[in-house]
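Peer 1: In my numbering, the protein residues as written are 659 to 1008.
Could you have a look at this structure, given as structure tokens, before my questions?
So, in structure tokens, the structure goes:
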């Protein structure tokens, strides 16, 4: 049983604080901590199955938040505590986490009068584009780059190698059911790996990217203004189209990612244009010409990548993604493949 008293004590907080579950996150377990005097904090148990190297994870976050604080101060921002996450140090080690012998914990200061949004409207999309673009802009001169917290997370060539292995092994005996789909998806593997090729050619730089650009990873104030970007666990080196395309894959899709009716899958151009407008307003200050042109590959790349990942899991016998019914991963793969084909019409020549 978790000894919350020891955890609070490790971070110098009142051990008589009230602790309640918070949110519906799928990775880390999150709690709201309220001290008797009213001060609030957010406490999380870090999922070490996803993030096994907690020291590197928190070092990334500490470096990123410190860099952002410097940038905010240079802009003359006076209420920095509302515009950047702050993690408490372990009073014994100085690290921004605590190990209780079984689990790893961290605590950050709660930002009051803040909300998140779950739905993507054109207004939310433009604000999100502006926020994630500004996040990248503030970190554009951060050296050295942060470490990878999930190896090969957005590496298209790696995902295709996993796909090749799944086809070769055919662990679940399902290959005959999807040979046409497999053939079609492999025909464009070189197009899907455009970013990796351009990086090797020295034409596409690695940047500090968020790598999980969903609208609910942004805090807004009660008047609708962006406060800050949150959920920094996946901040790592990447290509700018990672943050651009990752948002578009869910935010600009008119249907759920597992929509069985493929006719319903199309791109919401209002959301697509709004996010692009907001993103370029801030990120446009540092993007190269190649990066600007490559943005059109973002949605295609990430829909294609997710289609590959879903079909890989289907061939492997549904060992990675949680499914609701036997053909769920296949339905997901077909839906994302349709979205990738829709997005392919948006591609610009590189």
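All residues carry an ideal CB built from backbone N, CA and C; glycine is no exception.
Write down the C-beta distance between residue 960 and residue 907 rounded to the nearest angstrom, noting that I regard them as a contact closer than 8 Å.
Peer 2: Working through the chain shown from its first residue, we reach residue 960 at position 302. Working through the chain shown from its first residue, we reach residue 907 at position 249. Right, their Cβ atoms sit about 4 Å apart.
Peer 1: Within the stretch 817–892, note down every full beta strand (DSSP E) run reaching 3 residues or more, in order along the chain.
Peer 2: Complete beta strand (DSSP E) runs here, min 3: 865–867, 876–879 and 884–887.
Peer 1: Give the range of the alpha helix (DSSP H) segment to which residue 729 is assigned.
Peer 2: The count along the chain shown starts at 1 and reaches residue 729 at position 71. Residue 729 -> alpha helix (DSSP H) spans 712–732.
Peer 1: Relative to the C-alpha of residue 914, which residue among 990, 976 and 927 is closest?
Peer 2: What you label residue 914 is simply residue 256 of the chain shown in a count that begins at 1. Closest by alpha carbon: 990.
Peer 1: Select from 853, 966, 982 and 784 the residue whose C-alpha is nearest the C-alpha of residue 864.
Peer 2: As a first step, residue 864 must be located in the chain shown, where it is residue number 206. If we check each option's Cα against that of residue 864, 853 comes out closest.
Peer 1: Would you mind sorting residue 872 into buried or exposed? The rule is 16 or more other CB atoms within 10 Å of its CB.
Peer 2: As a working note, residue 872 is residue 214 in the chain shown. Classification of residue 872: buried, given that the 10 Å Cβ count is 16 or more.
Peer 1: Residue 878 and residue 887 look like a contact to me (Cβ under 8 Å); what is the Cβ gap, rounded to whole Å?
Peer 2: Residue mapping note: residue 878 aligns to position 220 of the chain shown, counting from 1. Residue mapping note: residue 887 aligns to position 229 of the chain shown, counting from 1. At roughly 11 Å, the Cβ-Cβ gap does not stay under 8 Å, so residue 878 and residue 887 are not in contact.
Peer 1: Is the beta carbon of residue 817 closer than 8 Å to that of residue 967?
Peer 2: Residue numbering aside, residue 967 sits at position 309 when the chain shown is read from its first letter. Residue numbering aside, residue 817 sits at position 159 when the chain shown is read from its first letter. Contact: yes.
Peer 1: Would a C-beta distance cut-off of 8 Å place residue 875 and residue 891 closer than the cut-off?
Peer 2: By one-based count along the chain shown, residue 875 stands at place 217. By one-based count along the chain shown, residue 891 stands at place 233. Their beta carbons are not under 8 Å apart, which means residue 875 does not touch residue 891 by this criterion.
Peer 1: Using CA coordinates, which residue listed in 927, 760 and 807 is at the minimum distance from residue 896?
Peer 2: Working through the chain shown from its first residue, we reach residue 896 at position 238. Of 927, 760 and 807, the residue nearest in Cα terms is 807.
Peer 1: Rounded to the nearest angstrom, what separates residue 695 and residue 681 at their Cα positions?
Peer 2: Numbered from its first residue, the chain shown carries residue 695 at position 37. Numbered from its first residue, the chain shown carries residue 681 at position 23. The alpha-carbon atoms of residue 695 and residue 681 are separated by roughly 23 Å.
Peer 1: Could you check the C-alpha separation between residue 750 and residue 723 for me, to the nearest Å?
Peer 2: Taking the first residue of the chain shown as position 1, residue 750 is located at position 92. Taking the first residue of the chain shown as position 1, residue 723 is located at position 65. Going by the C-alpha atoms only, they are around 21 Å apart.
Peer 1: Is there contact here, the stretch 772–782 with the stretch 688–706, by at least three beta-carbon pairs under 8 Å?
Peer 2: Because the criterion of three Cβ pairs below 8 Å is not met, the stretch 772–782 and the stretch 688–706 do not touch.
Peer 1: For a quick check, are the C-beta atoms of residue 851 and residue 815 less than 8 Å apart?
Peer 2: Locating residue 851 in the chain shown gives position 193, counting from the first residue. Locating residue 815 in the chain shown gives position 157, counting from the first residue. In contact: residue 851 and residue 815 (Cβ atoms closer than 8 Å).
Peer 1: Verify whether the separation of the beta carbon atoms of residue 629 and residue 950 is less than 8 Å.
Peer 2: With the chain covering 659 to 1008 only, the question about residue 629 has no answer from this structure.
Peer 1: For residue 754, which residues in the same chain have their Cβ closer than 8 Å to its Cβ, ignoring the five residues on either side in sequence?
Peer 2: Walking along the chain shown from the start, residue 754 turns up at place 96. Same-chain partners within the cutoff: 716, 719, 720, 745, 746, 747, 748 and 764.
Peer 1: In the DSSP assignment, what residue or residues form a beta bridge with residue 689?
Peer 2: Locating residue 689 in the chain shown gives position 31, where the first residue counts as 1. Answer is 679 and 701.
Peer 1: Excluding the 5 residues preceding and the 5 following residue 929 in the sequence, name in chain order all residues of the same chain whose CB lies nearer than 7 Å to its CB.
Peer 2: If you number the chain shown from 1, residue 929 lands on position 271. The residues are 778, 780, 783, 909 and 910.
Peer 1: Between which two residues does the alpha helix (DSSP H) containing residue 767 stretch?
Peer 2: The sequence position of residue 767 within the chain shown is 109, counting from 1. Element bounds for residue 767: not the alpha helix (DSSP H) but the beta strand (DSSP E), 762–767.
Peer 1: Relative to the C-alpha of residue 904, which residue among 804, 955, 819 and 704 is closest?
Peer 2: Counting from one through the chain shown, the residue named residue 904 turns up at place 246. Closest by alpha carbon: 955.
Peer 1: Note down the Cα distance separating residue 803 from residue 860, rounded to an integer number of angstroms.
Peer 2: The sequence position of residue 803 within the chain shown is 145, counting from 1. The sequence position of residue 860 within the chain shown is 202, counting from 1. Approximately 17 Å, taken between the alpha carbons.
Peer 1: Comparing C-alpha positions only, which one of 920, 769 and 973 sits nearest to residue 827?
Peer 2: Numbered from 1 along the chain shown, position 169 holds the residue referred to as residue 827. For residue 827, the nearest C-alpha among the options comes from 973.
Peer 1: Going by the CB atoms, is the gap between residue 788 and residue 629 shorter than 8 Å?
Peer 2: Lying outside 659 to 1008, the shown extent of the chain, residue 629 is not represented and no answer is given.
Peer 1: Can you tell which of 705, 743, 759 and 685 has its C-alpha closest to the C-alpha of residue 668?
Peer 2: One-based indexing of the chain shown puts residue 668 at position 10. Checking every option, the nearest Cα to that of residue 668 belongs to 759.
Peer 1: Give a yes or no on whether the C-beta atoms belonging to residue 703 and residue 761 are separated by under 8 Å.
Peer 2: Numbered from 1 along the chain shown, position 45 holds the residue referred to as residue 703. Numbered from 1 along the chain shown, position 103 holds the residue referred to as residue 761. Contact: yes.
Peer 1: From the DSSP output, in three-state form, read off residue 756 for me.
Peer 2: To locate residue 756, count along the chain shown from 1; it is residue 98. Three-state DSSP puts residue 756 in a strand.
Peer 1: Could you spell out the range, first to last residue, of the beta strand (DSSP E) harbouring residue 895?
Peer 2: One-based indexing of the chain shown puts residue 895 at position 237. Here the beta strand (DSSP E) through residue 895 covers 894–896.
Peer 1: Sort out for me which residues DSSP pairs residue 745 with in a bridge.
Peer 2: Here the question's residue 745 lines up with position 87 in the chain shown. Residue 745 is bridged to 766.
Peer 1: Tell whether a beta-carbon distance below 8 Å holds between residue 898 and residue 867.
Peer 2: As a position in the chain shown, residue 898 is number 240, starting the count at 1. As a position in the chain shown, residue 867 is number 209, starting the count at 1. Yes, the pair counts as a contact, with Cβ atoms nearer than the cut-off.
Peer 1: Taking a contact to mean a Cβ-Cβ separation below 8 Å, would you say residue 824 touches residue 933 in this structure?
Peer 2: By 1-based counting over the chain shown, the position of residue 824 is 166. By 1-based counting over the chain shown, the position of residue 933 is 275. No, Cβ-Cβ distance for residue 824 and residue 933 is not below 8 Å.
Peer 1: Using a threshold of 7 Å, is the CB atom of residue 818 nearer than that to any non-hydrogen atom of the ligand MG?
Peer 2: By its list of ligands, the structure shown contains no ligand whatsoever, and the ligand MG lies outside what it can speak to.
Peer 1: Measure the beta-carbon distance from residue 676 to residue 692 and round it to whole angstroms, keeping in mind my assumption that it falls under 8 Å.
Peer 2: Taking the chain shown and counting its residues from 1, the one referred to as residue 676 is at position 18. Taking the chain shown and counting its residues from 1, the one referred to as residue 692 is at position 34. The pair is a contact, with the Cβ atoms about 5 Å apart (cut-off 8 Å).
Peer 1: Quick one: what's got a C-beta closer than 7 Å to residue 918's C-beta in the same chain, skipping five residues either side?
Peer 2: Start at 1 with the first residue of the chain shown, and residue 918 comes out as number 260. Same-chain partners within the cutoff: 989.
Peer 1: Scan the stretch 925–960 and note each continuous alpha helix (DSSP H) run of 4 residues or more that stays entirely inside, going in chain order.
Peer 2: List check, alpha helix (DSSP H) in window: 927–941 and 947–952.
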